[in-house]
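Read the structure below first, then the notes.
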Ligand SMILES: [Zn+2]
């Protein structure tokens with residue numbers, strides 16, 4: 006935590022009521038449990054203290070048959086966002102309800118094509134690979150909604166179907182929290198890291214599938230909203246910055262970034278996940294992959 010946050014009681018009550026439900030419906034085998042279990046430092050603002058949005062699965066009680074018979078089957082056609090203001094800091098905070106997964110029909114939600122998730126084709130290898138609970142609906146109006154101090158919804162969208170709106174996004178708070186913690190860690194190490202560029206966040210299954218022959222993993226965590234390919238890019242030139250200030254941008258700068266991720270995982274074991282290293286090639290500079298799959302995974306080299 007970088008500061009003390011006081012919420013007005015109503016918001017706190019909402020958070021306390023809804024958070025356990027979101028945890029219970031999240032991905033949770035024994036191995037994954039640490040990734041979603043709240044800790045003493047996990048406030049509504051996350052471990053980083055910088056989250057500005059929370060995502061909630063729709064209440065499952067409405068799907069229970071006797072309740073559905075009494076009140077009619079509840080159909081949710083949009084995601085809803087409740088904007089609240091944190092009374093202590095004055096910051097806007099968004100409570101976003103997910104559009105249930107069942108709204109995806111024939112691989113589409115509305116006009117937006119997502120394809121079929123791996124668990125729709127074969128039994129998932131663990132709970133972390135089950136279908137997501139639902140989608141965040143991203144419109145031209147809400148795409149710039151901050152999810153944390155340095156990231157917004159649009160940073161994580163699949164890079165496709167440019168003219169189709171709304172788009173649908175899977176994103177986990179733990180990923181955003183981890184990215185913010187990496188920035189905190191870099192700053193604590195005296196490294197200028199004001200802007201992390203997400204080169205690739207969520208990848209819909211159909212988008213991910215197109216890259217499988219080029220080395221994209223069929224079970225890629227990008228499909229589950231808990232992975233991001235990132236670089237520190239303060240000057241917005243679309244290349245990793247010279248983090249160690251030796252006058253060159255190379256694997257040593259990637260190492261600086263990766264070591265910050267390692268440190269965050271040591272401090273917050275519940276945010277453990279994949280760390281992949283990608284050296285520069287002729288088309289792009291170096292970058293790293295970060296995820297919060299709940300198990301340590303490492304690949305690539307400096
Ligand atoms: Zn990746």
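Numbering (my numbering), first residue to last: 6 to 307. Just so you know, even glycine gets a beta-carbon here, dropped at the ideal spot from N, CA and C. Since this is a predicted model, take the numbers as computed values, not measurements.
Cβ shell of residue 87 (< 6 Å), same chain only, five flanking positions each side left out: 100
Residue 279: which of 286, 304, 273, 214 sits nearest, CA to CA? 304
According to DSSP, is residue 109 helix, strand or coil? coil
Return the CA-CA distance between residue 215 and residue 285, expressed in angstroms with no decimal places. 22 Å
Of the residues 118, 140, 146, the one placed nearest residue 165, counting alpha carbons only: 118
In DSSP terms, what residue 336 is bridged to: For residue 336 there is no data in the structure shown, the boundaries of the chain being 6 and 307.
Taking 9 Å as the cut-off, decide whether the C-beta atoms of residue 122 and residue 105 are in contact. no
Contact under 9 Å by Cβ, residue 154 with residue 52: no
For residue 256, write down the residues that DSSP places opposite it in a beta bridge. Bridge partners of residue 256: none, in fact.
Identify which residue in 207, 152, 139, 187 has its Cα closest to the Cα of residue 276. 187
In terms of residue numbering, what span does the alpha helix (DSSP H) encompassing residue 172 cover? No alpha helix (DSSP H) contains residue 172, which is instead part of the beta strand (DSSP E) from 172–174.
Mind the definition here: the stretch 227–245 touches the stretch 287–297 only if three or more C-beta pairs lie below 8 Å; say whether that holds. yes
Do residue 226 and ligand 1 come close, with the Cβ less than 8 Å from some heavy atom? yes
Roughly how many angstroms separate the alpha carbons of residue 95 and residue 152, rounded to a whole number? 15 Å
How would you write the range of the beta strand (DSSP E) that residue 382 sits in, first residue to last? Residue 382 lies beyond the residue range present for the chain, which begins at 6 and ends at 307; the question has no answer from this structure.
Is the separation between the beta-carbon of residue 115 and that of residue 174 shorter than 9 Å? no
Just to confirm the assignment, what range does the alpha helix (DSSP H) spanning residue 97 have? Segment 97–102 is the beta strand (DSSP E) holding residue 97; no alpha helix (DSSP H) there.
Residue 54: CB within 8 Å of a non-hydrogen atom of ligand 1: no
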